[in-house]
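Novice:
Residue numbers (UniProt numbering): 1 to 355.
1. If you drop the 5 nearest sequence neighbours on each side, which residues of the same chain put their C-beta closer than 7 Å to that of residue 318?
2. Return the residue from the list 27, 28, 51 that minimises the CA-CA distance to residue 20.
3. Given a cut-off of 8 Å on the beta-carbon distance, is the pair residue 250 and residue 268 in contact?
4. For residue 158, count neighbouring Cβ atoms within 10 angstroms of its own Cβ and tell me buried if that reaches 16, exposed if not.
5. Which residue spans inside the region 288-334 form an unbroken beta strand (DSSP E) run of at least 3?
6. With 16 other CB atoms within 10 Å as the buried threshold, where does residue 87 fall?
7. Taking the alpha-carbon of residue 240 as reference, which of 131, 122, 59, 346 has the nearest alpha-carbon?
8. Taking residue 266 as part of the beta strand (DSSP E), name the residues at either end of that continuous run.
9. Does the region 273-293 come into contact with the region 109-123, if we say contact requires no fewer than three beta-carbon pairs (one atom in each stretch) closer than 8 Å?
10. In the DSSP output, which residue or residues are listed as bridge partners for residue 80?
11. Among residues of its own chain, excluding the 5 on either side of residue 363, which ones have a beta-carbon nearer than 8 Å to its beta-carbon?
12. Below 8 Å between beta carbons: does that hold for residue 80 and residue 115?
13. Tell me whether residue 331 counts as near the ligand NAP, meaning its Cβ is closer than 7 Å to at least one heavy atom of that ligand.
14. With DSSP collapsed to three states, give me the class of residue 245.
15. Specify the secondary structure class of residue 30 as computed by DSSP and reduced to three states.
16. Just to confirm my understanding: we take residue 134, look at its own chain, exclude 5 residues before and 5 after, and list those with CB closer than 8 Å. What are they?
17. Using DSSP with H/G/I as helix, E/B as strand and the rest coil, what is residue 46?
18. For the beta strand (DSSP E) that contains residue 25, what are its first and last residues?
19. Just the Cα atoms here: how many angstroms apart are residue 291 and residue 275?
20. Which residue wins for smallest C-alpha separation from residue 273, given the options 294, 262, 244?
21. From residue 304 to residue 243, what distance separates their C-alpha atoms?
22. Just to confirm, is the Cβ distance from residue 339 to residue 229 under 8 Å?
23. Using only the alpha-carbon positions, how far apart do residue 58 and residue 17 sit?
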């Protein structure tokens with residue numbers, strides 16, 4: 001299936017597997033891969049239609065190393081060896097970030113290695129994965145905007161950040177007040193975290209371990225608030241993972257930047273009761289809860305990736321999860337008063353975007 005805001009998103013994939021990169025890679029593009037090693041070796045290749053390999057990522061479990069290389073016109077270059085972050089039978093999530101100078105590779109929230117370009121990255125037209133691995137999902141986000149989402153424009157967009165982006169000042173999310181800074185790291189136009197949520201990776205969010213890192217996955221259970229403005233026609237996109245053993249999480253559209261502000265829309269899936277709770281909070285008082293059971297096609301379970309869209313319509317919010325409509329909530333508070341998105345509980349966020 002394909003979503004309007006990014007590249008291909010595919011699940012339960014056969015191996016060998018190939019998917020196109022459309023449009024071509026540019027600064028800020030990301031490729032997310034989830035799977036499980038099943039044997040001694042597998043490989044991920046970013047290559048052209050002529051089979052020129054721009055980036056070759058080759059985890060070798062039998063050799064205890066991850067190998068990086070390229071192969072223009074089929075001629076292999078010099079191998080680069082790095083420590084192996086994979087284990088046979090253990091699920092992994094890999095993020096490949098394209099920058100003007102290099103590809104940065106993170107596995108399970110940790111920066112692993114960097115491969116400086118030997119060929120122009122726009123020559124990479126396909127992602128090829130083969131070898132001893134089972135694939136859960138492959139997601140390609142060419143760098144058309146922050147985190148690969150379409151450029152944010154018009155009256156539905158976030159304001160540009162007041163701090164310089166590590167990738168050439170790309171427009172991104174506007175930073176909320178210091179008390180409400182996002183758990184995302186600096187760079188890619190996202191707001192830096194407050195000191196209390198800084199990681200041990202040199203003071204930056206885990207994932208790429210440097211000021212030029214894109215936002216990575218905040219620790220499960222830590223609330224985070226991201227500045228936004230919405231009106232009729234706005235759409236908010238949230239991507240991440242539901243950890244194994246999750247009980248519940250929530251997304252809130254706030255009328256301010258703090259945890260105690262009024263909430264125009266409270267979305268609260270509860271795995272322990274298999275219900276979705278919707279509500280609002282005005283003047284500090286919660287309204288009447290609207291409870292619904294998980295739909296029979298509920299595309300969400302602990303341990304699974306999540307791709308969620310909140311769409312603001314004239315009279316209501318509609319919520320799509322992994323391309324399925326799962327809930328609606330009629331406005332109790334005018335959506336134009338929303339100032340921020342809050343997420344907390346048992347969810348790991350990898351990216352947030354808006355159109």
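Ideal Cβ positions, reconstructed from N, Cα and C, are used throughout, including at glycine.
Keep in mind it's a predicted model, so treat the numbers as computed, not measured.
Specialist: For this structure:
1. To locate residue 318, count along the chain shown from 1; it is residue 318. Excluding positions up to five away in sequence, the list reads 311, 325, 328.
2. In the chain shown, the residue the question calls residue 20 occupies position 20. Comparing Cα positions, the closest option is 51.
3. In the chain shown, the residue the question calls residue 250 occupies position 250. In the chain shown, the residue the question calls residue 268 occupies position 268. Yes, the pair counts as a contact, with Cβ atoms nearer than the cut-off.
4. Walking along the chain shown from the start, residue 158 turns up at place 158. At residue 158 the pLDDT is 28, less than 50, meaning the model places this residue with poor confidence; the figure from the coordinates comes in the next sentence. Burial call: buried.
5. 290-293, 305-312, 316-321, 324-330
6. As a first step, residue 87 must be located in the chain shown, where it is residue number 87. Residue 87 comes out exposed.
7. Here the question's residue 240 lines up with position 240 in the chain shown. Nearest of 131, 122, 59, 346 to residue 240, Cα basis: 346.
8. The residue given as residue 266 occupies position 266 in the chain shown. Unbroken beta strand (DSSP E) run through residue 266: 263-270.
9. no
10. Counted from its first residue, the chain shown places residue 80 at position 80. In the DSSP output, where bridge partners are listed per residue, residue 80 has 68.
11. No answer is possible for residue 363: the residues shown for the chain start at 1 and end at 355.
12. Here residue 80 refers to the residue found at position 80 when the chain shown is read from its first residue. Here residue 115 refers to the residue found at position 115 when the chain shown is read from its first residue. For residue 80 and residue 115, yes; Cβs fall inside 8 Å.
13. No copy of the ligand NAP occurs in the structure displayed, which carries no ligand at all.
14. As a first step, residue 245 must be located in the chain shown, where it is residue number 245. Coil, per DSSP.
15. Counted from its first residue, the chain shown places residue 30 at position 30. Strand, per DSSP.
16. Sequence index remark: in the chain shown, residue 134 carries index 134 (1-based). Closer than 8 Å at the Cβ level, and outside the excluded window around residue 134, lie 15, 35, 36, 38.
17. As a working note, residue 46 is residue 46 in the chain shown. Strand, per DSSP.
18. Residue 25 sits at position 25 when you count from the first residue of the chain shown. Taken as a continuous stretch (DSSP letters only), residue 25 belongs to no beta strand (DSSP E), as it is neither H nor E.
19. Numbered from 1 along the chain shown, position 291 holds the residue referred to as residue 291. Numbered from 1 along the chain shown, position 275 holds the residue referred to as residue 275. In this structure, the CA atom of residue 291 is about 7 Å from the CA atom of residue 275.
20. As a first step, residue 273 is located in the chain shown; it is residue number 273 there, counting from the start. Here the closest residue by C-alpha is 294.
21. Counted from its first residue, the chain shown places residue 304 at position 304. Counted from its first residue, the chain shown places residue 243 at position 243. In a straight line, the C-alpha of residue 304 is about 7 Å away from that of residue 243.
22. Here residue 339 refers to the residue found at position 339 when the chain shown is read from its first residue. Here residue 229 refers to the residue found at position 229 when the chain shown is read from its first residue. Against a cut-off of 8 Å, the Cβ pair of residue 229 and residue 339 comes out as a contact.
23. Position 58 of the chain shown, counted from the first residue, corresponds to residue 58. Position 17 of the chain shown, counted from the first residue, corresponds to residue 17. Computed Cα separation, rounded: 15 Å.
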